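Asker: Mind having a look at this structure? Questions to follow.
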Amino acid sequence: MSVQASSAQPLARLRIEHISKNFEAVRALHDVSFELQPGEIHALIGENGAGKSTLVGIITGLVSADTGTLSLDGTAVSFRNPLEARAAGLAAVYQDPNLFPHLSVAENIFTGQYPRKGLAVDSQTMRRDARALLTKLGFDLDVDRLVASLTVAEAQFVEIARALSSDLRLLILDEPTSALTPGEAQKLYSVVARLKEEGTTVVWISHRMEEIRMLADTVTVLRDGGHVKTLPSSELDDDAMIRLMVGRSVALEAVARVDALGESRLSVRGLSVPGLFDDISFDVHEGEIVGVAGLVGSGRSEIAQAIFGLSPNLLGSIAIDGAAVTPKNPRHMSERGVVYLPEDRDAEGVISTMTITDNIGLPSIKRLNTFGFMKPKKERELAANQRTSLSIKGEVTDLVSSLSGGNRQKVAIGRWLATNPKVLLLDEPTHGIDVGTKAQVHDIMRDLARKHRLAILMISSDMQEVLAVSDRVLVISRGRLAADFDIADATQERILAAASGAGLKEGAE
Ligand SMILES: Nc1ncnc2c1ncn2[C@@H]1O[C@H](COP(=O)(O)OP(=O)(O)OP(=O)(O)O)[C@@H](O)[C@H]1O
Ligand SMILES: [Mg+2]
4 MSVQASSAQP
14 LARLRIEHIS
24 KNFEAVRALH
34 DVSFELQPGE
44 IHALIGENGA
54 GKSTLVGIIT
64 GLVSADTGTL
74 SLDGTAVSFR
84 NPLEARAAGL
94 AAVYQDPNLF
104 PHLSVAENIF
114 TGQYPRKGLA
124 VDSQTMRRDA
134 RALLTKLGFD
144 LDVDRLVASL
154 TVAEAQFVEI
164 ARALSSDLRL
174 LILDEPTSAL
184 TPGEAQKLYS
194 VVARLKEEGT
204 TVVWISHRME
214 EIRMLADTVT
224 VLRDGGHVKT
234 LPSSELDDDA
244 MIRLMVGRSV
254 ALEAVARVDA
264 LGESRLSVRG
274 LSVPGLFDDI
284 SFDVHEGEIV
294 GVAGLVGSGR
304 SEIAQAIFGL
314 SPNLLGSIAI
324 DGAAVTPKNP
334 RHMSERGVVY
344 LPEDRDAEGV
354 ISTMTITDNI
364 GLPSIKRLNT
374 FGFMKPKKER
384 ELAANQRTSL
394 SIKGEVTDLV
404 SSLSGGNRQK
414 VAIGRWLATN
424 PKVLLLDEPT
434 HGIDVGTKAQ
444 VHDIMRDLAR
454 KHRLAILMIS
464 SDMQEVLAVS
474 DRVLVISRGR
484 LAADFDIADA
494 TQERILAAAS
504 GAGLKEGAE
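The letter at position 466 of the sequence shown is residue 469 when you use the numbering used here, and the numbering goes up by one with no holes.
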C-alpha cells in the first residue's frame with residue numbers, strides 16, 4: 004500500500020482498522036478501529052474476556068486477524084511473528100510470561116537478537132547490555148541467573164527489559180503491574196513516562212483505575228470484542244470508565260460486619276520455617292476474613308503454603324477447629340477442609356489443558372464418587388454453578404487454555420469453592436480480575452465467611468482490597484508479624500509503615 008501522507012492530519016503511530024477475530028464460536032474481536040498517536044500513553048481497558056490481549060497478539064503478529072488492517076506511521080504492516088514486529092519497532096510484554104526458563108536472564112533479554120562477535124554470540128557484550136537495561140529500569144538482578152529461578156516480579160522485569168532492547172516506536176504492556184509491588188510499579192511508571200518523552204507510544208492494559216488516571220493520555224474501551232470509545236482521559240472519571248466497560252456502575256466498598264465472630268477455625272502458634280519466616284501467631288475465626296498485607300517477598304505466600312502442607316521444615320503448631328494438625332502435604336490438609344489458592348494460577352492454580360468442568364470438578368472428585376464411579380452430571384452441575392456465580396466467560400466444556408487471563412483466575416477460585424472448605428487461604432485472589440468481577444468475588448468471600456462460617460486468610464497487595472474486605476489485617480515484614488490491626492484501626496499509612504518495617508510491632512496484643 005502506498006503512503007498517504009496528507010499534510011493536514013499528522014500520521015497516527017498505529018492505525019487499527021476493522022480488525023475482527025473469531026476463535027471458533029467465540030467472537031473475540033469485532034470490527035475494531037481506532038488510532039494510537041505518537042508519544043502518547045494509551046490505556047486499553049475492558050472486562051475480562053473483552054478482547055484486549057487478543058488485540059495485542061494481532062498487533063505483534065502472535066495471532067492472525069480474520070479481517071482488518073494495521074498501518075504503522077502511515078505504512079501498511081502485517082507481521083508474521085513478534086520478531087518481525089520487533090524489527091519494525093513494536094514490542095509487547097504479554098500477560099502470560101513468555102520467557103525461556105532454562106536460559107539466563109541475559110539470554111532471555113536478547114532472544115533472537117544476540118550480539119555477535121564474528122559467528123559466535125558475544126556473551127560479554129550481551130551480559131553488559133542486559134545489565135545496563137535492567138539498571139535503566141532501576142532493577143537489580145544478576146543477569147546470569149536462570150529464568151526458572153526467578154520470582155514472578157523478577158520475570159516481569161526481564162520481559163520489560165527485553166521489550167526495551169530495541170528502538171521502540173510502540174510498546175504494549177499487558178497488565179504489567181499485576182505482579183509488582185507498589186515500589187516496583189513506581190519504577191515502571193517512570194520508565195513509561197520517559198519513553199513517552201522520547202516519542203514512543205505506550206499501550207497500557209490494566210484493571211487498576213488509579214494507574215489509568217495517573218498515566219493515560221487517551222483511553223480506549225473494549226466490551227465483548229467491540230470498540231466502545233476512544234477518549235482523552237481528561238474526559239473520563241473512574242465511574243465513567245467503569246460504566247463504559249461494564250455497562251453499569253460498580254463500587255468496591257467496605258461492608259461493615261454485623262454478626263459476632265465464632266470460634267477459632269485456624270489457629271497458628273509460633274510458626275516458623277527457618278530462612279523464610281519466624282514466630283508467626285494468629286487466629287482466623289469462624290466467619291472472619293483476615294487480610295495479610297506486606298511487601299512481595301516478605302514471606303506471606305510462604306506462610307500460606309506452609310499451612311497447606313507445602314513446607315517440610317515447619318516448626319510451631321497449627322489447629323483446625325481446635326484439633327492440632329501437623330501439615331504433611333496438600334492432600335492431607337484439603338481433607339481437613341483447608342484449601343489454598345496460589346498466586347501463580349498457571350503453575351499451580353488450574354490445569355490449562357483441561358476443560359472448565361474438569362478443573363472445577365477435580366478437587367471435589369472424592370465427593371462426587373459413589374462406589375468408585377464418577378458422576379459426570381454432578382460435576383457438570385458444580386461447574387455450571389461456579390460459572391454462573393463467578394460470571395466465567397466461556398462454556399463449561401471449553402479448555403482453560405482458551406480463556407482470557409481473568410477468566411482463568413475465576414476458574415481457579417471456582418475450583419476450590421466447589422469443595423465446601425472450612426478454611427480458605429487465598430493468595431492475591433483478584434489479581435488480573437476486572438473491577439466488576441472483583442466486587443463479585445468480594446461479595447462471594449463475605450458470603451462464604453458470614454453465611455457459611457468459613458475462615459478466610461487473604462494475602463493481597465491491593466490496598467483497597469485489603470481495606471474493603473478484611474475484618475482484621477496482619478502485616479508481615481521480612482518474615483515477621485509486624486502488626487495485627489482491627490479493621491477499625493487499619494489505614495493505608497499504618498499498614499505501609501508496618502510493611503516497610505518502620506517502627507515496632509503495632510496493634511498486637
Ligand atoms: N486461543 C484461544 N482460543 C479460544 N478462545 C480464545 C483464545 N484466546 C482468547 N480467546 C477468547 O477470546 C475472548 C477474548 O480474550 P482476551 O484474552 O483477548 O481477553 P482480555 O480482554 O485480555 O481479558 P483479561 O482481562 O481477562 O485478560 C475470550 O472470550 C477468550 O476466551
Ligand atoms: Mg488479557
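Built from N, CA and C at the ideal position, the CB exists for glycine as well.
Small disclaimer: the values here were computed from a predicted structure and weren't measured.
#1: Have a look at the DSSP bridge pairing and note the partners of L191.
#2: With a threshold of 8 Å, are at least 3 pairs of Cβ atoms found where one atom belongs to the region 478-487 and the other to the region 439-449?
#3: Ignore the nearest five residues each way along the sequence and tell me which others in G64's own chain have a CB closer than 7 Å to its CB.
#4: Taking the continuous alpha helix (DSSP H) assigned at R449, which residues delimit it?
#5: Taking the beta carbon of L318 as the centre, do at least 16 other beta carbons fall within 10 Å, making it buried, or is it exposed?
#6: Please check if any C-beta of chain C sits within less than 8 Å of the C-beta of S74.
#7: Assuming T70 is part of the beta strand (DSSP E), what are its boundary residues?
#8: When a residue counts only if its C-beta is closer than 6 Å to some heavy atom of ligand 1, which residues count, in chain order?
#9: Under three-state DSSP, which class holds E157?
#10: Throw me the rounded Cβ distance for the L344 and I306 pair, which I believe falls under 8 Å.
#11: Is any heavy atom in ligand 2 found nearer than 7 Å to the beta carbon of D177?
#12: Could you tell me which residues DSSP puts in a beta bridge with R226?
#13: Between the Cα of V341 and the Cα atoms of I498, V444, L420 and S107, which residue gives the shortest distance?
#14: First and last residue of the beta strand (DSSP E) that includes M461?
#15: Hey, how far is the Cα of P13 from the Cα of G42?
#16: Let me check understanding here. Comparing Cα to Cα, which of G297, A95 and D324 lies closest to L183?
#17: Closest to A387 by C-alpha separation, out of D465, L39, V35 and K413, would be which residue?
#18: Which residues share a DSSP beta bridge with T204?
#19: Beta-carbon within less than 7 Å of S181's beta-carbon, same chain only, minus the 5 sequence neighbours each way: which residues are those?
#20: Using DSSP with H/G/I as helix, E/B as strand and the rest coil, what is G408?
#21: Name the residue from G115, E110 and T138 whose alpha carbon lies nearest to the alpha carbon of Q127.
#22: Between V108 and Y117, which are expected to be in contact by the criterion C-beta below 8 Å, what is the C-beta distance as a whole number of angstroms?
#23: So, are the CB atoms of D281 and L269 less than 8 Å apart?
#24: For A296, which beta-bridge partners are listed by DSSP?
#25: Using 8 Å as the threshold, is the C-beta distance between T203 and H45 below it?
#26: Can you tell which of A15, E338, H445 and A158 has its C-alpha closest to the C-alpha of P424?
#27: Could you please give the first and the last residue of the uninterrupted alpha helix (DSSP H) stretch that includes L47?
#28: Give me the residue from Q98, H445 and A135 with the minimum Cα distance to T57.
#29: Can you give me the C-alpha to C-alpha distance between G60 and G121, rounded to a whole angstrom?
#30: Let me check one thing: in DSSP terms, what residues is V287 bridge-paired to?
#31: Between G278 and the rest of its own chain, which residues show a CB-CB distance below 8 Å, the 5 nearest in sequence each way excluded?
#32: Less than 8 Å between the beta carbons of P100 and A151, yes or no?
#33: Ignoring anything shorter than 4 residues or poking outside the region 294-344, list the alpha helix (DSSP H) runs there in chain order.
Answerer: Result, derived from the coordinates:
#1: Under DSSP, L191 forms no beta bridge with any residue.
#2: Counting C-beta pairs closer than 8 Å gives fewer than three between the region 478-487 and the region 439-449, which falls short of the contact rule.
#3: Excluding sequence neighbours, G64 sits near F82, R83, N84, P85, E87 and A88.
#4: For R449, the enclosing alpha helix (DSSP H) has its first and last residue at V438 to R453.
#5: L318 should be labelled exposed.
#6: Absent here is chain C; the protein component of the structure consists of one chain.
#7: Per DSSP, T70 belongs to the beta strand (DSSP E) from T70 to L75.
#8: My final list is F26, V29, A31, G49, N51, G52, A53, G54, K55, S56, T57, Q98, K396, G397, S405, L406, S407, G408, G409, N410 and D437.
#9: In this structure, E157 counts as helix in the three-state DSSP scheme.
#10: The Cβ separation is near 14 Å, so there is no contact.
#11: Yes.
#12: Per the DSSP secondary-structure output, R226 pairs in a beta bridge with G229.
#13: The residue with the shortest Cα to Cα distance from V341 is L420.
#14: Note, M461: beta strand (DSSP E), A458 to I462.
#15: Taking the CA atoms as reference points, P13 sits about 12 Å from G42.
#16: Nearest of G297, A95 and D324 to L183, Cα basis: G297.
#17: If you compare the alpha carbons of D465, L39, V35 and K413 with that of A387, the shortest gap goes to K413.
#18: DSSP lists L173 as partners of T204.
#19: Result list for S181: H434 and G435, in chain order.
#20: G408: helix per DSSP, three-state reduction.
#21: Of the listed residues, the one whose Cα sits closest to Q127 is E110.
#22: Y117 and V108 do not touch by the CB rule: their CB atoms are close to 14 Å apart, not below 8 Å.
#23: No, these two residues do not count as a Cβ contact at 8 Å.
#24: Bridge partners of A296: V478.
#25: Taking 8 Å as the cut-off, the beta carbon of T203 is found no closer than this to the beta carbon of H45.
#26: Selected option, being the one with the closest Cα: E338.
#27: Segment I44 to I48 is the beta strand (DSSP E) holding L47; no alpha helix (DSSP H) there.
#28: For T57, the nearest C-alpha among the options comes from Q98.
#29: Distance between the alpha carbons of G60 and G121: 34 Å.
#30: Looking at the DSSP output, V287 bridges to L269.
#31: Around G278, the same chain offers no residue with a beta carbon nearer than 8 Å, after the five sequence neighbours per side are excluded.
#32: For P100 and A151, no; Cβs fall outside 8 Å.
#33: Within the region 294-344, the complete alpha helix (DSSP H) runs of at least 4 residues are 303-310 and 333-338.
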